[in-house]
Amino acid sequence: MKARRSNELSKLRMRFFSALNHTSEIDLHTLFDNLKSNLTLGSIEHLQEGSVTYAIIQELLKGADAQKKIESFLKGAIKNVIHPGVIKGLTPNEINWNVAKAYPEYYEHEKLPDVTFGGFKVRDSNEFKFKTNVQTSIWFSIKPELFMPSKQQEALKRRREQYPGCKIRLIYSSSLLNPEANRQMKAFAKKQNISLIDIDSVKTDSPLYPLIKAELANLGMGGNPAAASDLCRWIPELFNEGFYVDIDLPVDSSKIVEGHQITGGVPIMLNMGSIISEPIAPHHRRQEAVCMNTDIIAYANDRETQVMMDTVALHLKNIYDDPYTALKDTPLAQTAFFNRCEEEGKNIFELRKGLQDAFRSDSLLELYVFLGPAKFKEVFKLKETQIKYIDDHISEFNEHDLLLHLISDNPSEINQHTLDFGRAKVMYMDIAKEHYSAFYKPLVEEISGPGAIYNALGGASNFTTTHRRSTGPMLPTTPPRVLQVFCDAHDKGPFVSDNIARWQTNVRELGVLNREGLSWLPSVG
0 MKARRSNELS
10 KLRMRFFSAL
20 NHTSEIDLHT
30 LFDNLKSNLT
40 LGSIEHLQEG
50 SVTYAIIQEL
60 LKGADAQKKI
70 ESFLKGAIKN
80 VIHPGVIKGL
90 TPNEINWNVA
100 KAYPEYYEHE
110 KLPDVTFGGF
120 KVRDSNEFKF
130 KTNVQTSIWF
140 SIKPELFMPS
150 KQQEALKRRR
160 EQYPGCKIRL
170 IYSSSLLNPE
180 ANRQMKAFAK
190 KQNISLIDID
200 SVKTDSPLYP
210 LIKAELANLG
220 MGGNPAAASD
230 LCRWIPELFN
240 EGFYVDIDLP
250 VDSSKIVEGH
260 QITGGVPIML
270 NMGSIISEPI
280 APHHRRQEAV
290 CMNTDIIAYA
300 NDRETQVMMD
310 TVALHLKNIY
320 DDPYTALKDT
330 PLAQTAFFNR
340 CEEEGKNIFE
350 LRKGLQDAFR
360 SDSLLELYVF
370 LGPAKFKEVF
380 KLKETQIKYI
390 DDHISEFNEH
400 DLLLHLISDN
410 PSEINQHTLD
420 FGRAKVMYMD
430 IAKEHYSAFY
440 KPLVEEISGP
450 GAIYNALGGA
460 SNFTTTHRRS
470 TGPMLPTTPP
480 RVLQVFCDAH
490 DKGPFVSDNI
500 ARWQTNVREL
510 GVLNREGLSW
520 LPSVG
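Following numbering that gives the first Met the number 0, the numbering of the sequence shown begins with 0 at its first residue and continues without gaps.
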């Protein structure tokens with residue numbers, strides 16, 4: 000016992016000296032001896048260079064009687080702020096903020112600005128609590144004979160290994176599976192100690208539930224399993240505590256906190272980041288746009304969680320009632336098809352199905368009708384004379400005629416004896432299909448996914464501000480930093496995602512984000 004305590008003290012001393020190795024002006028040995036009863040390895044991490052505590056120590060070093068003042072400050076800060084923060088699972092940024100608030104006489108800083116998120120004013124009191132060991136994922140199969148692909152099965156097995164003792168719940172639909180696949184799903188869940196929730200048996204008054212059922216009932220006819228999954232995440236009967244996590248996201252074991260509980264400033268937190276734009280003119284300042292993803296969502300077991308969910312649910316229901324407003328700034332809105340559907344009052348399923356049919360048809364004529372002259376010209380990079388002639392004569396054209404006028408604005412010069420018509424047509428269809436993802440993705444993302452949630456929680460006007468470059472410890476004194484410190488489920492929780500830009504990513508450095516999660520994008524061949 001004595002040897003163990005001696006070893007622990009030795010570790011503490013080593014970490015303490017390492018953290019404060021730039022403060023040679025004071026007697027660290029005496030300071031450690033006087034503080035050791037309050038020190039832990041976790042608390043020492045928050046004394047290092049870059050922390051508010053370290054910055055305060057540097058200021059105190061400039062004055063008289065520094066040793067005594069630093070000892071007095073550290074005793075109070077460690078006992079009353081830092082150690083309790085570590086126990087609560089607060090992030091370094093939250094602990095920095097709490098130290099700055101507790102010692103304004105030593106560390107001058109701006110106040111917490113008013114920021115609203117989903118109708119809630121973000122609070123710095125850490126009153127909302129989130130269980131990291133309650134995790135829910137969703138899988139809706141599109142093949143009746145396959146309860147889940149092996150990749151997703153392996154991901155759930157890994158999570159069980161990476162986070163022993165956690166409660167894993169899986170939402171699925173028994174009606175999408177045949178009897179054998181249902182049996183296999185239950186056997187898999189039992190072996191991995193996963194609690195199954197059959198969406199077909201859920202009792203709820205949520206306006207989103209009929210939309211989930213409609214998405215699943217229309218699979219193959221414009222319904223989308225990812226959209227159904229998106230909607231599930233805002234139903235209180237399914238999510239009232241813990242985390243929603245995309246099925247394939249790994250766990251960072253080093254971020255699992257004691258007590259399996261973290262805190263936040265709002266009842267629901269999302270995976271968040273931000274992008275710094277380049278100034279559009281020399282006298283303009285750069286903008287910081289907060290971005291969000293719903294691959295990680297944290298829910299507090301709090302009555303205000305349902306209030307926030309109801310706000311989002313109403314917004315999503317309104318989008319399904321009128322998808323055209325939500326889609327007005329998307330590439331699809333520039334097509335003739337979109338305008339016809341809006342005039343005829345087509346629903347979201349008919350929009351998706353019409354898009355899929357046009358791109359699966361292997362018909363250039365059908366693509367022309369779908370795109371309309373302006374978008375057809377843009378997609379195939381045609382000259383003005385080409386598109387004008389095509390538009391004037393489209394009613395007389397067959398596939399062969401249209402292809403010739405795509406190849407050249409003077410088709411008579413084409414040697415049709417040497418032209419491989421089939422290969423040329425495939426080439427132009429492939430050009431068109433390069434645009435399919437840009438057309439289809441908003442039909443999920445802006446209807447039920449991250450784009451829709453972004454607008455439900457505040458939208459661009461609430462989440463875009465002038466970027467302020469800061470020095471020293473990062474504190475929540477601007478709206479983006481408030482969201483980063485108190486509302487980001489990724490930075491606080493133990494799950495790892497590369498589906499979104501991290502905080503303050505410069506737009507020039509913004510690479511292609513992970514595309515593997517887009518299995519919900521229907522193939523067009």
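C-beta: ideal position from N, C-alpha, C; glycine also.
Leaving out five residues on either side along the sequence, give the residues of the same chain with a beta carbon under 6 Å from the beta carbon of residue i.
i           : result
residue 335 : 371
residue 452 : 293
residue 15  : 31 and 43
residue 257 : none
residue 60  : 24
residue 245 : 294
residue 517 : With a pLDDT of only 49 at residue 517, under 50, the local geometry of the prediction cannot be trusted, and the value read off the model is given with reservation. Cβ within range, chain order: n/a, list empty.
Grab the span of the alpha helix (DSSP H) containing residue i for me, first residue to last.
i           : result
residue 303 : 302-320
residue 299 : Neither: residue 299 is in no alpha helix (DSSP H) and is coded neither H nor E.
residue 450 : 449-456
residue 79  : Here residue 79 belongs to no alpha helix (DSSP H), and DSSP marks it neither H nor E.
residue 439 : 435-439
residue 228 : 224-231
residue 406 : 398-406
residue 152 : 149-161
residue 496 : Per DSSP, residue 496 belongs to no alpha helix (DSSP H) and is neither H nor E.
residue 190 : 178-190
residue 428 : 420-432
residue 55  : 51-59
residue 358 : 347-359
residue 29  : 27-34
residue 384 : 383-392
Would you decide whether residue i is buried or exposed? Buried here means 16 or more other CB atoms lie within 10 Å of its CB.
i           : result
residue 293 : buried
residue 22  : buried
residue 247 : buried
residue 515 : With a pLDDT of only 49 at residue 515, under 50, the local geometry of the prediction cannot be trusted, and no value is derived from it.
residue 493 : buried
residue 379 : buried
residue 475 : buried
residue 394 : exposed
residue 420 : exposed
residue 17  : exposed
residue 385 : buried
residue 600 : Residue 600 falls outside the range modelled here, since the chain spans only 0 to 524, and no answer is possible.
residue 509 : exposed
residue 312 : buried
residue 284 : exposed
When you compare the CB positions of residue i and residue j, do they come within less than 8 Å of one another, or not?
i           : j           : result
residue 438 : residue 289 : no
residue 504 : residue 274 : yes
residue 329 : residue 441 : yes
residue 146 : residue 183 : yes
residue 224 : residue 316 : no
residue 101 : residue 80  : yes
residue 423 : residue 402 : yes
residue 361 : residue 428 : yes
Shorter than 7 Å, the distance from the beta carbon of residue i to the closest heavy atom of the ligand GDP, or not?
i          : result
residue 74 : This structure does not include the ligand GDP; it has no bound ligands of any sort.
Just reading off the beta strand (DSSP E) that residue i is part of, what are its end residues?
i           : result
residue 339 : Note, residue 339: premise wrong, no beta strand (DSSP E); alpha helix (DSSP H) at 335-343.
residue 170 : 166-171
residue 117 : Premise fails: residue 117 is in no beta strand (DSSP E) and is neither H nor E.
residue 244 : 241-244
residue 197 : 193-197
residue 95  : First-last for residue 95: 91-101, but that is the alpha helix (DSSP H), not the beta strand (DSSP E).
residue 465 : 463-465
Measure the beta-carbon distance from residue i to residue j and round it to whole angstroms, keeping in mind my assumption that it falls under 8 Å.
i           : j           : result
residue 473 : residue 92  : 6 Å
residue 199 : residue 228 : Going by Cβ atoms, the distance from residue 199 to residue 228 rounds to 15 Å, so no, they are not a contact pair.
residue 499 : residue 270 : 6 Å
residue 167 : residue 491 : Their Cβ separation, rounded to whole angstroms, is 20 Å, which puts residue 167 and residue 491 out of contact at 8 Å.
residue 268 : residue 488 : 4 Å
residue 129 : residue 264 : About 11 Å; that fails the 8 Å criterion.
Between which residues of its own chain and residue i is the CB-CB distance below 7 Å, once the five residues before and five after are set aside?
i           : result
residue 305 : 235
residue 211 : 198, 227, 230 and 231
residue 480 : 473 and 474
In chain order, what residues of the same chain have a beta carbon less than 8 Å from the beta carbon of residue i, not counting five sequence neighbours either side?
i           : result
residue 82  : 37, 39, 41 and 42
residue 506 : 274, 275, 276 and 277
residue 215 : 139, 172, 174, 175, 198, 222, 224 and 227
residue 78  : 37
residue 213 : 222 and 348
Distance cutoff 8 Å, beta carbons only. Does residue i sit that close to anything in chain D?
i           : result
residue 103 : No chain D appears in this structure, which consists of one protein chain only.
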